[in-house]
Structure formats: C-alpha cells, structure tokens
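Asks: All you need for this note's numbering is the position in the sequence shown, starting with 1, plus 45. Glycine residues also receive a C-beta, built at the ideal position from the N, C-alpha and C atoms.
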Amino acid sequence: MKTKNKIIFIPAILLSFIASAADPTAATDAMADALRTRLAGDGTLKLYALVVGGSGDGAALVGRNAQSAQVVRKGSVLRESVDGVRVSLSVEKVSESGIEFKTSSKEKKAVLPGSYTPLKAPDKIEENFLRYLECDGVSMGSLMRLLSDQTGVNIASSDKTASKKVSMFLRNVTAEVAVEEICRAGGLWYRSEKGGKLIRITTMEEYAENLNTFREETTETFTLLYPNVLEVASAIYSLYPERTLLSLGEKEFEEDDEYDLSRRFRRFRVIEENGNSQFMEMQSPRSSSSGSRSGAGMFSFSRGDALSRLSQWDRLESRRKFPRTGQFSLSAAAAKTMDGALEAGNTNLFERAKAGSLFGPANIFVSISRKNNMLIVRTSDVRIMDEIRSLVKRLDVPTPMVLMEVKVLELDITDDFTASFQYFFNGKSGAVSGSKDDNLFADLAQTASAAMDSFSPTFSFKTLSSDLVTKIELMQKDGKVKTLATPTLLTANNEVSRIFDGKEYPIVTGWTVGETTSTQGVIENTEPTVEIERKDVGNMLLITPSINSDRTVTLRLLQENSSISPEKVSIPVTGGKGENKEIEYVVSRSLAGTFVAKDKMAVMAGGLINEVESDRYYRTPFLGSIPLIGWLFRGTEKVMKRTELVVLIRPFVIMTPFEGGKASKELLEALSAHPARDARGSMMTHRDEKTGEIKERTIEKDAKNLID
46 MKTKNKIIFI PAILLSFIAS AADPTAATDA MADALRTRLA GDGTLKLYAL
96 VVGGSGDGAA LVGRNAQSAQ VVRKGSVLRE SVDGVRVSLS VEKVSESGIE
146 FKTSSKEKKA VLPGSYTPLK APDKIEENFL RYLECDGVSM GSLMRLLSDQ
196 TGVNIASSDK TASKKVSMFL RNVTAEVAVE EICRAGGLWY RSEKGGKLIR
246 ITTMEEYAEN LNTFREETTE TFTLLYPNVL EVASAIYSLY PERTLLSLGE
296 KEFEEDDEYD LSRRFRRFRV IEENGNSQFM EMQSPRSSSS GSRSGAGMFS
346 FSRGDALSRL SQWDRLESRR KFPRTGQFSL SAAAAKTMDG ALEAGNTNLF
396 ERAKAGSLFG PANIFVSISR KNNMLIVRTS DVRIMDEIRS LVKRLDVPTP
446 MVLMEVKVLE LDITDDFTAS FQYFFNGKSG AVSGSKDDNL FADLAQTASA
496 AMDSFSPTFS FKTLSSDLVT KIELMQKDGK VKTLATPTLL TANNEVSRIF
546 DGKEYPIVTG WTVGETTSTQ GVIENTEPTV EIERKDVGNM LLITPSINSD
596 RTVTLRLLQE NSSISPEKVS IPVTGGKGEN KEIEYVVSRS LAGTFVAKDK
646 MAVMAGGLIN EVESDRYYRT PFLGSIPLIG WLFRGTEKVM KRTELVVLIR
696 PFVIMTPFEG GKASKELLEA LSAHPARDAR GSMMTHRDEK TGEIKERTIE
746 KDAKNLID
C-alpha cells in the first residue's frame, strides 16, 4: 500500500516541475500581489465606467485603453502582463468605492477606486434604483448595457446613438432619470414604453421620421366634472415640465375666452380704485375675483378667479408657443439637425428639433377642450399615463364652498349711548337649528348692539356661539339700526365675492386747458375741458373664505361705505382766468380684517364710527305755523350724529353636494317669508287661510274650485 502511494506521488512532482519549467514568467503569490497592487494603483488599468444598481453588486468597464476595455463584475478575471510577468486579477467586489481584486494576503488589498465619493443609499430602495454611475468617454451602447444589467430595464439605443461618447456622473437616481439626463446632455430623444420596462434612445431625426413609433402611443380623454380643465392641464405641465407639450386650442377660441375673462374682471376694478393695500396683502398669492349683486334675501353663486386665470393663461400660452424671434440655447446635435432639415425643406423635422431644444424630449402631449371641459392626453409612456389618470381622478372632486349669511348694519348712536355683551349659558347644545327662534340675525336691533363691547375706531370682532344667548342692554331707547345689505352668498373656497349696493356717479376730477393760436399769432387758452371719472358710490363688501381642515373658515373681509359729501371743495383751474371751481367728492369708510369663524357660528365685526354734524329743525305744534310770530316757536340747532358700521357673518361649510342641500334648506327656511315655508318643500301645497294648516293641492281639487 505504501509502495503504491510513493509511485503516485513521484509523477505529481514531475508534472509540477515540468509545468514550472514550461511557464518561467509565472509569478509567486507575493510577487503577484505586488503586481496587482501596482496595476490598480499606478494608472496602468483605467476605470472607464462604474455602474452600481440597487443591490450594491455593480459592474464596471476597465482596461489599459478604451479599445481593450472589458466588462467585469464579481468573479471576473483579468489577465495582464507587467514587465514580461503574467498576473491574473480576480474581481472580488464591484461597489460604489471601486473594484476590489483578490490577493493572497488579507492585510494587503488591491483596489481600483472610483473617481468620486459615493452617497449613502436611502433606506427604501425603489424599483430600477441606481446607486452610482460614473463614465468618462464611454460609448452610449456600452454604457446602456451596464445600465440595463444593473437596473433590469431593457434599454435599446439606435445605431446612430450607440457610438456617441458619453461622460456622466450620477448618484442615487432611477434608471429613467439617468437615461433622461444622458439624453438631455447629448441632445437625444428617449421614449419609455411597456410600463417603464423598455427605453428607446434615438436621435431627433430618427424620432421624427419613425412613423411606426406613433402606433404605440395611446390617447385618452378625460371629462372633468368639477375643476376647471385649464387648472388640471397646468398641474400636469408643472409635474412634467421638460416632457410635456401643452396645446390650448385654436387661436380664435383663445381670443374669445380671453376677452370673456377680461370682461368679467372689469367688474372688479373697484379693488384697484380703492387702493386698499391692506386687503390686497391679505389675499393669497393667487389673487382671485368673483361677483354678485346685493339686496335683501339675495342668493348668489360666485366662481370667478379672473385675474389669476388671465395671468395663468399668458403663462401657459408663452410655454406653448415657439418664439419667432429672440435667442435660445441649442446643442450641437440639435443645431445640426435643424440645419439639415432646413436644407432638405423638412419643416416638420425643423419644428420638432426646435421643440426639443426648447422643451427637451417631450413625449407627453396635452390638449384641452374648454367648451366641454375635457382633457386629452397622448403619450407612449404607460406609467406616465397611469400617473396622469390617477392625478385627474384625485383632482376631479367637488370644490368646497361656503354658504354665508351676511348683514351690513349701520347703527345710530349718541354721546351717552353704550352697548355691552352679556353672555350666559342656556343649557342647550347642538348645532344651530335654523328655526326662527334660534336665528341669531332675527332681531336686528339686538344683533347690531351686540357687535361691540366698547365703541372704538379700530377693527375688532366678536364670535357668537350657538350654545350662548346674547343679552343686550340698550342704554338709550331711541337707538336706531339701519340695514344696508342682507345678502346670502354661496362662494367657492378661496374665491372673492363682491357685493355692491349703490350707484355709479360721474365725479369731476379736474379740468384741462388747451392753447390755440389766433390768426394774429396770439396764443389764447381754450375753455377748460372737464375730466370725469365714474366711481361706484354705495356699500361694497368683499369676502374671501378659506376652509381649514377643522371646518373653521378664515374670512378675509373688506367693507366700504361711500357717499357723496354734501360739502364741496374748490380746486384752481390753471390757465384762463385762474378761477376756482367747486366739485363734489366721495367720502368713504372702510373696514378690513382677517379672522377665523366656526362652522355655523356668527361673527360680528365693527368699531368703525363716523361723526357727522348736521342741522336739526324743530318747532312747537300749531304755534310754529302762525305767521309773523311763528319764528318764536321754531328754530334749528347743531347736532352731532354718530353712526357705527357693523358686519355680521355666519358661514356654513359645504364639502359635498349633500351638505349643500342641507345647509341651504336650513338657512333659507329660517330666513324665508313664504307662507308655506314649513311645508314639505312641494309646490303642490298651500296654507289654509282659515286654519293656517298646510294642505296638499291636487289638480282635481283645483278644477273643482274653478267649477264652483
């Protein structure tokens, strides 16, 4: 047995000796480790590309030069020769830090590092995630193969793009973002298909001429029920600005709508005329406007936002159009494509190349139909279409609204007049019922006098709860209340409602004097020309409600009361005789502020006191009418009249159409003066004149009454 083992061992030694003699350039382990470290550290081997996916096990393109570079990953082997000595480099790991080669010594490592510092990957790795991408002068085809290997996304580049050299550095991005940035830097087009599992890369010329590409695009139409279609289209453009081409329709329709919007906005020029900076500052950055008429018992729906949409319209229109003049940056590839298209007379290709330079590789096309409130989207990216479909579904919801019961009151007070709040619990609970007994605005005199704790010329407000009863003490019995306006408004969230009750007066603002030259050469002044400006004089109220998450309502309020002053002012007229002319002027009182009101809770704002001196005429009955001596029993005296402006608002938050019907019925039943307001809401009912009971009407009964 021992003899047999010796016989086997001797041939093994001989074979080892023969192999060593056959390869005299083979290095020992220590020498091989030194050569590996030298190859990785002295720049003999160059790292042309390093791509690491979400798993952390990357791939690289490495070699002595670009022509001999090869793809390596964990387990790959490189065979190199240094000074005539052959050495094998086995790849142990490819990560964001670089390529690590195996060595016989654990203490000494051979590492070919990356050029940049890696970042920590997020805790949650999304699909097709890319930890690290670095390349320097690598062909597009080679880089896309590495990207496809690390992310699992199939990437196909055309023949014209495969040889294009790419230099890029990215960290912690998705595969689609990486492809998008690479194509943007190189002036190329890309298309994502099959839910993001396939990406095609072409030149702009190939994209324009490849008509088969459009067969794979899908077009979907969305009919919106609630929001404005222009707002949804703007939201899509804002999410994908570099990939979306937005069309607003034919020019003639655009001009019609723009004229309509500007015509509507002219109704609200009073905001600029008033010059009330406090109210304008309270508005959100997206200023909006809407309007309605005033009057007792008026019911109005406001949905304007004209100013905002006009500016938004101009913004979107400028994005959609290609500038005919001016300067814009072009990549070398885009300029070459456009130049070739012009020489060949290919207008379509020229416009597409121009669009690519301005907007990037657009593959989402959005158009709107304003007449039908429809949105049309065309794209070949299935994933983007799914996201747009989900976005439209989330945006197509009812707009929250606020039903507001508003009263504008003018309270006459005297020097010794006082009013105060006295609250006490009445033991009741629950929401406002809407009946006449619980209506906080039923008694105008009590409500008006409850507006202020103490009268002062500053803005303040008080809140009335449905669980509190307001007890008012009027210290003077002859206090009077004048109702200026009692509208009921239904306003969309964050929209401005305007109520105006008054007249438009022509107000003289000045005179213009011209000059003429007579035949004798004498310069003479012409008759002064009156300059007139029309102004709204009366009661104006602007309210902007903003619904909060807890169903409270932030109310931005501007109330203005204006009138023609009985007195006149004199202004000099330049030129002519240098005379002074008397003109009328407008006296106004305004109240502005922001406060928070609870749903179905009344808020009162006041404190704006005006003092007017007037003459009061008095006389003794019968005696004051006697001729000659009647003046002894009559006379006039100077009196000071003080009035206070009080605004009362009770908001009803409406989040759904069901809530709208309930709130409207509750409020209108409380305010209605109809004789059948307590009936079942049917027009086929009437109140019996004798008993006062609600009875049902039928056609047969009406016919019988006619016969009788």
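Which of the three DSSP states, helix, strand or coil, is assigned to F404?
Replies: Bear in mind that the predicted position of F404 carries a pLDDT of just 44, short of 50, making it too unreliable to give a figure here.
Asks: Should the segment 547–557 be called in touch with the segment 530–538, which here means at least 3 C-beta pairs below 8 Å?
Replies: In short, these stretches do not touch, since the Cβ pair count stays below three.
Asks: So S203 and E251 are in contact, right, with Cβ under 8 Å, and what is the actual spacing, rounded?
Replies: Yes, they are in contact, since the Cβ atoms of S203 and E251 sit about 6 Å apart, within 8 Å.
Asks: Should N584 and I544 be called a contact, given that it needs their Cβ atoms to be closer than 9 Å?
Replies: Going by C-beta atoms, N584 is nearer than 9 Å to I544.
Asks: Rounded to whole angstroms, how far is the Cβ of D644 from the Cβ of P611, which I believe are closer than 8 Å?
Replies: Incorrect: roughly 44 Å between the Cβ atoms, too far for contact.
Asks: So what does DSSP say about D204, is it helix, strand or coil?
Replies: In this structure, D204 counts as helix in the three-state DSSP scheme.
Asks: Would DSSP call A166 helix, strand or coil?
Replies: Note: A166 maps to coil in three-state DSSP.
Asks: With distance defined between alpha-carbon atoms, name the residue in L106, S142, V156 and G108 nearest to R81.
Replies: The residue with the shortest Cα to Cα distance from R81 is V156.
Asks: DSSP three-state label for P590, please.
Replies: Residue state, collapsed to three classes: strand.
Asks: Sorted by chain position, which residues of the same chain lie with C-beta nearer than 7 Å to A85's C-beta, five sequence neighbours on each side aside?
Replies: Closer than 7 Å at the Cβ level, and outside the excluded window around A85, lie F146, A155, V156 and L157.
Asks: Secondary structure at E141, three-state DSSP: helix, strand or coil?
Replies: Three-state DSSP puts E141 in coil, outside helix and strand.
Asks: Given a cut-off of 9 Å, decide if S160 and F214 are closer than it, judged by their beta-carbon atoms.
Replies: Closer than 9 Å, so yes.
Asks: Between which two residues does the beta strand (DSSP E) holding L677 run?
Replies: It is not in any beta strand (DSSP E) - L677 carries neither H nor E in the DSSP assignment.
Asks: Buried or exposed: which applies to D595, given that a residue is buried once 16 or more other Cβ atoms fall within 10 Å of its Cβ?
Replies: D595 is exposed by the Cβ-count criterion.
Asks: Pair every Cβ in the segment 268–275 with every Cβ in the segment 217–235, then say whether three or more of these pairs are closer than 8 Å.
Replies: Verdict: no, contact absent.
Asks: Use the C-beta contact count for T286: other C-beta atoms within 10 angstroms, 16 or more gives buried, fewer gives exposed.
Replies: Position check: residue 286 holds Pro in this sequence, whereas Thr was assumed. So P286 ends up on the exposed side.
Asks: Is it buried or exposed for K613, if we count other Cβ within 10 angstroms and need 16 for buried?
Replies: Classification of K613: exposed, given that the 10 Å Cβ count is below 16.
Asks: Can at least three beta-carbon pairs, one atom from the segment 426–441 and one from the segment 669–680, be found at a separation below 8 Å?
Replies: Contact fails: fewer than three Cβ-Cβ distances are below 8 Å.
Asks: On the CB-based measure, 16 or more other CB atoms within 10 Å of its CB, does Y282 come out buried or exposed?
Replies: Buried, since its Cβ has 16 or more Cβ neighbours within 10 Å.
Asks: From this set, K169, E221, S414 and L586, which residue's C-alpha is nearest T268's C-alpha?
Replies: Closest by alpha carbon: S414.
Asks: Three-state secondary structure (DSSP) at I433?
Replies: Helix at I433.
Asks: Suppose the cutoff is 8 Å on Cβ atoms and the five residues either side in sequence are ignored; what does the same chain contact list for S193 look like?
Replies: Cβ within range, chain order: N199 and I200.
Asks: Looking at the unbroken beta strand (DSSP E) that takes in V96, where does it start and where does it end?
Replies: Residues K91 to G98.
Asks: Just the C-alpha distance for E265 and I409, rounded to the nearest angstrom, thanks.
Replies: Straight-line Cα distance between these residues: approximately 12 Å.
Asks: Check whether the segment 696–710 and the segment 438–453 touch, using three or more Cβ-Cβ pairs below 8 Å as the test.
Replies: The segment 696–710, when compared against the segment 438–453, does touch it at the 8 Å Cβ threshold.
Asks: Tell me E658's beta-bridge partners as DSSP assigns them.
Replies: Note: E658 sits in a beta bridge opposite M685.
Asks: Please classify I244 as buried or exposed, where buried requires at least 16 other C-beta atoms within 10 Å of its C-beta.
Replies: Burial call: buried.
Asks: How many angstroms separate the CA atom of C180 from the CA atom of P443?
Replies: C180 and P443: Cα-Cα distance of roughly 51 Å.
Asks: Does the beta-carbon of N273, which I'm using as the reference point, lie nearer than 8 Å to any heavy atom of the ligand FMN?
Replies: Questions concerning the ligand FMN fall outside what the structure shown contains, since it holds no ligand whatsoever.
Asks: Give me the DSSP bridge partner(s) of C180.
Replies: DSSP, once it has assigned bridges, lists A94 and M213 as partnering C180.
Asks: To test your reading of the DSSP string, which unbroken beta strand (DSSP E) runs of 3 or more residues are found completely within the segment 522–547?
Replies: Taking only runs of at least 3 residues, the beta strand (DSSP E) segments lying wholly in the segment 522–547 are 525–530 and 533–537.
Asks: Between S670 and the rest of its own chain, which residues show a CB-CB distance below 7 Å, the 5 nearest in sequence each way excluded?
Replies: Result list for S670: empty, nothing under 7 Å.
Asks: Tell me whether D644 sits in a helix, a strand or coil according to DSSP, three-state version.
Replies: Coil, per DSSP.
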